[in-house]
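In order, the protein sequences belong to chains A, B, C and D.
In this note's numbering, each residue's number is its place in the first sequence (first place is 1) plus 18.
In this note's numbering, each residue's number is its place in the second sequence (first place is 1) plus 18.
In this note's numbering, each residue's number is its place in the third sequence (first place is 1) plus 18.
In this note's numbering, each residue's number is its place in the fourth sequence (first place is 1) plus 18.
Here the structure comes first, spelled out in structure tokens, and everything after it is commentary.
4 protein chains.
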Amino acid sequence: MIAGIIGATGYAGAELIRLLALHPEVSGFALASVSFEGERIERVYPNLWGKIEAALVKPKEAISRSQVVFAALPHGVGEPYAKSCLDAGIPFIDLSADFRFDDDEETFTAWYGKPYTHKTLRSHSVYGLPELNRSRIKELAATKKVIIGNPGCYPTGASLGAFPALAKGLAGPGTIIVDSASGISGGGREPSRAFHYPECADSLAPYKVGAHRHTPEIARNFQAMAARNTAASGEGPSIIFTPHLAPMNRGILSTIYIPLADSRRPDGVFAGAPRPPTKEVEEKTAEIRRIYEDFYKGEPFVRVLPAGIIAASGRVRQSNFCDLSVHLGDAGTTLVVVSAIDNMVKGAAGQAVQNMNIIFGFDETAGLTAIPALF
Amino acid sequence: MIAGIIGATGYAGAELIRLLALHPEVSGFALASVSFEGERIERVYPNLWGKIEAALVKPKEAISRSQVVFAALPHGVGEPYAKSCLDAGIPFIDLSADFRFDDDEETFTAWYGKPYTHKTLRSHSVYGLPELNRSRIKELAATKKVIIGNPGCYPTGASLGAFPALAKGLAGPGTIIVDSASGISGGGREPSRAFHYPECADSLAPYKVGAHRHTPEIARNFQAMAARNTAASGEGPSIIFTPHLAPMNRGILSTIYIPLADSRRPDGVFAGAPRPPTKEVEEKTAEIRRIYEDFYKGEPFVRVLPAGIIAASGRVRQSNFCDLSVHLGDAGTTLVVVSAIDNMVKGAAGQAVQNMNIIFGFDETAGLTAIPALF
Amino acid sequence: MIAGIIGATGYAGAELIRLLALHPEVSGFALASVSFEGERIERVYPNLWGKIEAALVKPKEAISRSQVVFAALPHGVGEPYAKSCLDAGIPFIDLSADFRFDDDEETFTAWYGKPYTHKTLRSHSVYGLPELNRSRIKELAATKKVIIGNPGCYPTGASLGAFPALAKGLAGPGTIIVDSASGISGGGREPSRAFHYPECADSLAPYKVGAHRHTPEIARNFQAMAARNTAASGEGPSIIFTPHLAPMNRGILSTIYIPLADSRRPDGVFAGAPRPPTKEVEEKTAEIRRIYEDFYKGEPFVRVLPAGIIAASGRVRQSNFCDLSVHLGDAGTTLVVVSAIDNMVKGAAGQAVQNMNIIFGFDETAGLTAIPALF
Amino acid sequence: MIAGIIGATGYAGAELIRLLALHPEVSGFALASVSFEGERIERVYPNLWGKIEAALVKPKEAISRSQVVFAALPHGVGEPYAKSCLDAGIPFIDLSADFRFDDDEETFTAWYGKPYTHKTLRSHSVYGLPELNRSRIKELAATKKVIIGNPGCYPTGASLGAFPALAKGLAGPGTIIVDSASGISGGGREPSRAFHYPECADSLAPYKVGAHRHTPEIARNFQAMAARNTAASGEGPSIIFTPHLAPMNRGILSTIYIPLADSRRPDGVFAGAPRPPTKEVEEKTAEIRRIYEDFYKGEPFVRVLPAGIIAASGRVRQSNFCDLSVHLGDAGTTLVVVSAIDNMVKGAAGQAVQNMNIIFGFDETAGLTAIPALF
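The structure is reproduced here in structure tokens:
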């Protein structure tokens, strides 16, 4: 199978090349760049030297040669390529935000500043978080007309961390807080002051506090999963999301605070000085861990860690895993879930390959079997 | 003035040497080590070579030669030295947790695993967070009998970030979440797996989730400041504190989530997909920023940053500053404060020097005038 | 095939697990630890969680269950295991220095402080640098009695960088200087002051200057290759090797200075101020690059980079590649070769797998097809 | 005294502000920017917030208000400002290369691509390496017409490392190799691919091999010092200089290989396998260390480290020190000097302040008393 990549010179594109080169079903590439047509990919990325050597072609040409097309483009420019692929019956996996909001164009426009170009494409598109929408992805794949809105990096880690609590009714009313930090590769390949080594090394810095575009995507996912809990009212949780830039190459670590339904502290009541976790708190934690383990049983890429091991971004490096560890805070009133992914793999290119595997009926882990290195 | 340092070979001790060497009122050192007596400090820390050259003496000898004594020792071993200093009328500034809980021995014992050795010393001790207790520090100093319980690193950043909201009645009922990350120097000088370079570089990892010893110290500080808000009920807020280890040498960045009193979202009501911050939210943010600026007017080490600049740990590096930026989340219902300190300076040695300055009536910034380098 | 690993809990052992888990001919592991028998590997290395789960057994048991045995042990303790494997006809691939010096026990003892335990084993052992000894490895493999002395990390990068110049008579008389820097993982898993994050981050530091154990191994390799150049006298070059510790997880970058035979500057003659490289120098560089390309034609893991691209340690990360770039210094009198490897892969575990592949007649790249990520 | 800084928004400019703000003789600033006139410095560098708040003015205005002027500008644009200052009797300290080559315009032009604008200024300029030219700096200062060509970062560390060997006749004929690595701040403030965090973190990479502009500056310094050794012939050494980019914010570590005059290995003679350093080698090393110590006796910023301590870039961080350690390689035939400086301090702004101190007769360490932090 030939895999086409439009936007191959960006970081997500380069990561797709790295992963697909080892995919047992992929025999070759058609690499395209909107702006660097004619350039050679191994000159742009010398790490590929001797392994992948190819000239970048026009998107149109890449599409014509491919059995599947990935688009790693800026938001708002990929819809015409999606349409071409749809018309040609070629699965289109889009890593931008263009197909993440389904037909909620209003929310997309509010955050991304432009309307949809080809609105009707959404009847063939699905938000490609397999743990949420696997069956819908398969349904669309069966029609031979399928567009994947590959999830954002932060929403992937945050959603997988909160899903069991939402689906199983653990989450009570109140705001869920998602406090996340990303490695600098999340900012993409374009140099800028914010990602200039001396400005970001040896420092931790929040950005776009209360104003990051992944906020509505996270909220939508939380609501979608909460809606599956039939015991719950129709209302989903409200959220606060704060992204940080951490001095590391890869990885997203999210610490997620979920007020529990069954043990809410009455407002304003403070029961004296905090005490270390009690045996009861530990037992309750173990119970919630079991719920998480059950929820993700059979999921190939979600690892619920055992007691005593806390998720860390470095331990999923270069893998498609999402590691989760569960904890309790404030005398057991709040669930604290730690979620770790590699922003470029499960948070981008790896999840895109996972979606390709589902679409074509390949083993879902094909090309994604890498074991994370410890360092 | 001769400054004595007991525990001079640990990181906090080394940082005290670095700062005090430039202090205009300090003419020399008496450096002591409980276990490395006889060793030379410039061999332990070659960065001091040619500037500070001294043999480490016994604590008793150091005390006898000093006009002020700093103790940078493990928790639970410094009380006898405190007593010696108190008896001799020498101010004792303790960087361990031993004097941070005043006469609440129960809380200290619950978290640190041992009782006080000389409980009565607490009638001469004060928790040395100048922004909270400056006048009490001066009172005790006037008696010539003063012990400072120098604050923990995380509690310093968290407390300064939340104080104005608590004192001015902005904080409503509900749990305050403190999500913090520290540079690795916070773990001290002793090598261990957790701080071994390949295990912590290029990774972000929470630790002691729901179980860190700084939790009760933060809670106590929040309550102490909330109690100053006469409009408030006697009850202070409950808290959740999650520490992380970030791949950087220095710095603590805390992101603090404070539910607002005046704009609470009714439980369980979700008003649809989130939208980018409105003009109203920006105005409300500006108003809260003014409250923060007013609160810290005249404070030499707290910088409330203007709109458009977010606090970052790297920008207070090697300085005694606490940088604060204020934001709003979830459509304006929650105050998000970002607080940045250098864990070794305002979070430890710098604050200790600040306390020394207050005790002796020196300019509070003496020895602490360093401007943070950008990198 | 079951792969046995003795010393599975060290970093090289862990890296072997990571690589072999994806090897098409390896179906399972027998993991042994001399000191942590009974421990579970996924507890020691949580990054393996859900992929590799196994209890560590005794070395003897591991050997009895394996078709190939890797030993990642401290120097001087593995010979008995080598003997057991030899007797049982199981290939033994040793990552320590024990079998790197063939029958030159004197040099081994001078640098490693102890004599050989079973000296005669060397009639079945070979220094496992495939680019030097591939045919000898195959010869021994055919006898069913084979012990591999897997090369040191620094010697691998240094040797591959200098080999063409030595074999093709480019190197003139005079000392070859090998200036190298390694990522911190090269120091192994045991915590110590030198590898404690705050002591090595954001700093570059030489160590064991003029006294590193890899010096005789590099010298021996240089001489062995120089001896293949029939035009040369019997004398090989003398060397200076300086290792540095660089603030990164992985990688070795060696800058190698080789005086050229054909263009030696007469001693003490200084021809005035240096000038930027001339066209002649560029042409001579291109010529030498061609010699390097020819020399490594067909080698699966050595990449001679084209003009304009300089080798960098980050671009071979997690791959078995050795990247080389060639340059000229001092008006063309000295060849400067830059060599980059991943110290844990081509510098240790990857090369061990490569040796296994040669022994068993597998494709030499089996299990080693990973493309380096850019970051 | 008012200090003027032209080019205040670059990294060297910012570092000058940081250092001069604590200088006892500097009472204020006149900050200028050629291109960012009108901008506020504390917006460009929020780390200055609350300490330095000023609008950037035109260079002309800054000069008119200052008693000393520093220029931290790109190469080739500062001569007119130098002339203005010279005419006005204001010392001009230039951090570009414009005044580093004295009247050797040919070399300057060969490497920097343009001729001098006002060639005659060189009769009032001096290369500002105090350890080489302190008396000449004082002479010029006495005339009230003085321009300092502040040294390049690499040449500072390399020169200080080689000077004693050159001046005392230790260096024999043959090429001196300077292998250096710099922190990323050396690349300046302008974002680019090379300094984009994901491209340079966790990697070590040489650049401009055999072609870096600091090569002729190093060679010139070596020759100037060698010429002071009356026993030597008129010929100075030839050099090779290789710069690397290391993943750290600050610091330059140079490893310098100097063939010794008294113990040259006859060409092509290889005396068998290397052995660990002998007692004789250690004694010879100690002897050379004493020569280095004597040479730098009284120098306030050069620290010759004792046996057992090797220079490391992290241990001079934020200080004006140059740390040196001396070693021997290849059985004592070659001197290996390790030199560490902070590229932004002794390698740029700190040395500029040192030059200011010499010019005005201040204590040479004024404003430069900072003790390096260990981390």
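From the three backbone atoms N, C-alpha and C, an ideal C-beta is built for every residue, glycine too.
Do you know offhand how far residue i's Cα is from residue j's?
i	j	result
D/Gly205	D/His262	11 Å
C/Ala90	D/Ser53	59 Å
A/Ala242	A/Phe313	16 Å
D/Ala237	A/Gly167	59 Å
D/Pro292	C/Phe259	11 Å
C/Gly368	C/Asn361	9 Å
A/Thr233	B/Ala349	11 Å
A/Arg246	A/Asn267	36 Å
D/Lys156	D/Lys101	19 Å
C/Glu124	C/Arg58	39 Å
D/Pro109	D/Pro64	29 Å
A/Tyr29	A/Leu74	15 Å
B/Ser343	C/Pro318	54 Å
C/Pro92	C/Ala128	17 Å
Measuring alpha carbon to alpha carbon, tell me which residue in the options is nearest residue i.
i	options	result
D/Gly25	D/Asp105, D/Pro42, D/Val87	D/Val87
B/His142	B/Arg152, B/Thr135, B/Lys162, B/Glu149	B/Lys162
D/Arg231	D/Gly131, D/Glu382, D/Leu178	D/Gly131
A/Val355	A/Ala176, A/Phe339, A/Thr27	A/Ala176
D/Ile306	D/Phe47, D/Glu217, D/Gly179, D/Ser331	D/Gly179
A/Gly146	A/Gln85, A/Asp220, A/Leu139, A/Val164	A/Val164
C/Met19	C/Ala244, C/Leu38, C/Tyr134	C/Leu38
Interface residues of chain D around residue i at Cβ under 7 Å?
i	result
C/Leu346	Gly228
B/Leu263	Residues of chain D passing the Cβ test: none, with the nearest at roughly 15 Å.
Name, please, each residue of chain B whose Cβ falls closer than 9 Å to the Cβ of residue i.
i	result
C/Ile16	Nothing about residue 16 of chain C can be read from this structure; chain C reaches only from 19 to 393.
Report the neighbours of residue i on chain A: residues whose CB is nearer than 9 Å to its CB, in chain order.
i	result
D/Ile202	His214, Tyr215, Pro216, Ala219
Taking C-beta pairs closer than 9 Å, name the residues in chain C that residue i reaches, listed in chain order.
i	result
B/Asn361	Simply none; closest approach about 11 Å.
By the 10 Å Cβ neighbour count, where 16 or more other Cβ atoms means buried, how is residue i classified, buried or exposed?
i	result
A/Lys297	exposed
C/Ala304	exposed
B/Pro224	buried
D/Ala199	buried
D/Glu55	exposed
A/Gly326	exposed
Note down, in chain order, every chain D residue with its Cβ under 8 Å from the Cβ of residue i.
i	result
B/Ile389	Ile35, Arg36, Ala39, Leu40, Asn65, Leu66, Lys69, Ile70
C/Val356	Pro224, Val227
List, in chain order, every chain B residue whose beta-carbon is nearer than 7 Å to that of residue i.
i	result
A/Gly269	Ser221, Leu222
A/Tyr314	Per Cβ cutoff of 7 Å: no residues; A/Tyr314 is ~20 Å from chain B at best.
Which chain A residues sit within Cβ distance under 7 Å of residue i?
i	result
C/Leu392	Ala32, Tyr63, Asn65
List, in order along the chain, the chain C residues whose C-beta lies closer than 7 Å to that of residue i?
i	result
D/Tyr275	Ile195, Ile258
D/Arg293	Ala128
D/Thr125	Ala291
Quiz item: Which of the residues in the segment 133-158 of chain B, read from start to end, lie with their CB under 8 Å from any CB of chain C?
Solution: none
Practice problem: Can you give me, in chain order, the residues of the segment 204-219 of chain C that have a beta carbon less than 9 Å from any beta carbon in chain D? | Solution: Tyr215, Pro216, Glu217, Cys218, Ala219
Practice problem: Give the residues from the segment 318-340 of chain C that approach chain A closer than 7 Å (Cβ to any Cβ), ordered along the chain. | Solution: Arg321, Leu323, Ile327, Arg333, Gln336
Quiz item: Using a Cβ cut-off of 8 Å, which residues of the segment 237-249 of chain C contact any Cβ in chain D, in chain order?
Solution: Ala237, Arg238, Gln241
Quiz item: Along the segment 166-178 of chain D, what residues have a CB closer than 8 Å to any CB found in chain C?
Solution: none
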